[in-house]
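K.L.:
Take a look at the following structure, please.
Protein chains in written order, with the working numbering: chain Y, 112 to 644; chain W, 895 to 1053.
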């Protein structure tokens, strides 16, 4: 090498590391109320047999970590780097091109540079470089490496619980780095030393114990379904059958539990019930697998696997042929991306075939689970249900692509096809805020708590901003979506940023428009609101 | 007339004022906020720039309080949930004074427009007070929405 060429340390010294204005390696963070989630309560951490149950909060100075916390984290990271090739690639392959930097809704809404996905991932990479690569030995701090300290752990907690695992950034990454997996694995590492949040731990514990995340027991579940059946009868004059735990049914129906205890989810439930009755579907609900949502997927792949296993176990016990899934978000990511290798293959089930149209859902031949929007779109396409679009004329509708169905499942056109067939007034939001590029509600992956409210408002701003645009331009007054977390958290988001737009499911709109055989004269929609004249 | 001077120097004044608002964010973010081409890809940058310019126009031309309030609200709602102290969140309007005085330094020093500058001063102070009201309104809305969430969750458990 000639003398004139730069030596490695000089070369490294010339690299302008972005962002350069502030020392991003400084891990200090301040926990202000309103922008973080409370810790998992010890009772449920213990119930799930997770490490280090104790009373603590992120605002405490001492997080009461185990003595060998550092060793646990580094060994945990080493173990995962060996087990998951994807993680090793994600750690090494990023060239910091910045394509993802301005794609995160939390960065857009907060202006906090550490919410740029590239920088958020660097919070882990810096430790990876320090302890697992040669780069730090050669270049020291210039390689972007830093020692793992308690402050780094606190910073991880702060920022990896400011990622909703929505994967919008991954759409723009030329290498396809899946930030959601990085977030999941960092949360998993944190959980090894007892750092987690209650809106994940408690729903997971409840789902284990009673089948659903609010811990509603089987009789409560049955009561809710029965109540919905009665209410649907009042609206339509038709008493539908809603079988629970029916052995030998053709189809097992799995939906997020919020559908039967939350509002506005409940109107979607009425829509399902009306539709299934009208097509004479031989199906069953389950009180054991009464939760589509998988809160385990937010923090640990082991917990994700255990919760997900209930679906196949119940399908086997009841002897169904295949599984139909309702309007849920991350449930579909777990099903589409992980279920087959977590708990499959489900070779005891048949490739789903619609009993009404005969359509064989080849795309689900592996998981045997069909999304209700595919199922209903197929019914409409084959002219198997009667619809009166004008029953949704009081609604000017736009559609929020829920992150996981859109980006993880590729379910883009089916809900739109349904909406266009059940209403006369549909208006799309701008192109770079929908479909694969949809903006998150800001409350997914366990972050939808009241204590985290201000962070949710920051993260949801880009979505609300697009809703406001179509409200002002077209008079939109209904925001359709197909995710239970959306239905729970978009209403306050819209209330804060926009106002005057209701949130509801696609199958609520189907239920409004559906003409049922023998129905009484309908005067109201499923919410009891009068149809427009 | 100072009004003509403000209109003549509008683009310089407004740009500097907007930049000063962007500069209240971390440097990496303020650079990004300045790229306002895409109102959906950069909502905060766009809303700040769009509302700030309209506030300036309204202040100079009509000074209609209700109209200014609506425009101001767009920015305050954002800053009320971001990582700012109340004074930082609501006080950005005061930097408009500084920008105007710097841009029109010669006129200020000449003393010819003394009375008109006093009116500008009082006018911007008035908008600053409005900002404080709007900040409180936004915070109260947040608390109300939070309370609603807690209440609806408790009701589910009781039910």
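Even for Gly, the Cβ is constructed at its ideal location relative to N, Cα and C.
Just so you know, these numbers come straight off a predicted model, no measurement behind them.
1) Please check if any C-beta of chain W sits within less than 7 Å of the C-beta of residue 603 of chain Y.
2) Can you tell me which of Y:301, Y:300, Y:327 puts its alpha carbon nearest to the alpha carbon of residue 313 of chain Y?
3) Thinking residue 1039 of chain W and residue 564 of chain Y are a contact (beta carbons under 8 Å), I'd like their distance in whole angstroms, please.
4) Please check if any C-beta of chain W sits within less than 7 Å of the C-beta of residue 375 of chain Y.
5) Cβ of residue 113 of chain Y less than 7 Å from any chain W Cβ?
6) Using the C-alpha atoms, what's the distance from residue 500 of chain Y back to residue 377 of chain Y?
7) Can you look up residue 928 of chain W in the DSSP assignment and give me helix, strand or coil?
8) Anything in the region 539-565 of chain Y with a Cβ closer than 7 Å to a Cβ of chain W? List those residues in chain order, please.
9) So who's on the other strand from residue 591 of chain Y, going by DSSP bridges?
10) Could one say the Cβ of residue 923 of chain W lies closer than 7 Å to chain Y's Cβ atoms, at least one of them?
11) CB residue 591 of chain Y to CB residue 617 of chain Y, shorter than 7 Å?
12) Whole alpha helix (DSSP H) runs in the region 944-1000 of chain W with 4 or more residues, listed along the chain?
13) Is it buried or exposed for residue 627 of chain Y, if we count other Cβ within 10 angstroms and need 16 for buried?
14) Consult DSSP for residue 194 of chain Y and reduce its assignment to one of helix, strand or coil.
15) If we require 4 or more residues per run, which alpha helix (DSSP H) segments fall completely within the region 326-386 of chain Y?
16) Find the residues of chain W that neighbour residue 606 of chain Y, judging by a C-beta separation of less than 7 Å, and give them in chain order.
17) If we count the other Cβ atoms within 10 Å of its Cβ and call it buried at 16 or more, is residue 586 of chain Y buried or exposed?
18) Using 7 Å as the threshold, is the C-beta distance between residue 436 of chain Y and residue 324 of chain Y below it?
19) Is residue 576 of chain Y close to chain W, meaning its C-beta is less than 7 Å from at least one C-beta of that chain?
20) Look at the alpha carbon of residue 463 of chain Y and the alpha carbon of residue 420 of chain Y, and state the distance between them as a whole number of angstroms.
21) Are the CB atoms of residue 140 of chain Y and residue 239 of chain Y nearer to each other than 7 Å?
22) Pull up the distance between the alpha-carbon of residue 1044 of chain W and that of residue 412 of chain Y, whole angstroms please.
23) Cβ closer than 9 Å: which chain Y residues qualify as neighbours of residue 912 of chain W?
24) Give the DSSP bridge partners of residue 682 of chain Y, in chain order.
25) Under three-state DSSP, which class holds residue 428 of chain Y?
26) For residue 511 of chain Y, is the classification buried or exposed, using 16 other Cβ atoms within 10 angstroms of its Cβ as the cut-off for buried?
27) Please look up how many angstroms separate the CB atoms of residue 418 of chain Y and residue 384 of chain Y, rounded, as I've assumed it's under 8 Å.
28) Could you give the residue range of the beta strand (DSSP E) that holds residue 434 of chain Y?
P.N.:
If we stick to the structure as given:
1) yes
2) Y:327
3) 7 Å
4) no
5) For residue 113 of chain Y, the predicted model reports a pLDDT of 46, less than 50, meaning its position is unreliable; a value from the coordinates is still stated below. Chain W contact via Cβ: absent.
6) 21 Å
7) coil
8) 541, 543, 544, 561, 564, 565
9) Y:510, Y:615
10) yes
11) yes
12) 959-975, 980-984, 988-997
13) buried
14) helix
15) 329-347, 369-372
16) 1039
17) exposed
18) no
19) yes
20) 19 Å
21) no
22) 30 Å
23) Ordered by position in chain Y, no residue passes the 9 Å Cβ test against residue 912 of chain W, which lies about 14 Å from the chain.
24) Shown here, chain Y extends from 112 to 644; a query on residue 682 of chain Y therefore has no answer.
25) helix
26) buried
27) Actually they are not in contact, since the Cβ atoms of residue 418 of chain Y and residue 384 of chain Y sit about 25 Å apart, beyond 8 Å.
28) 433-436
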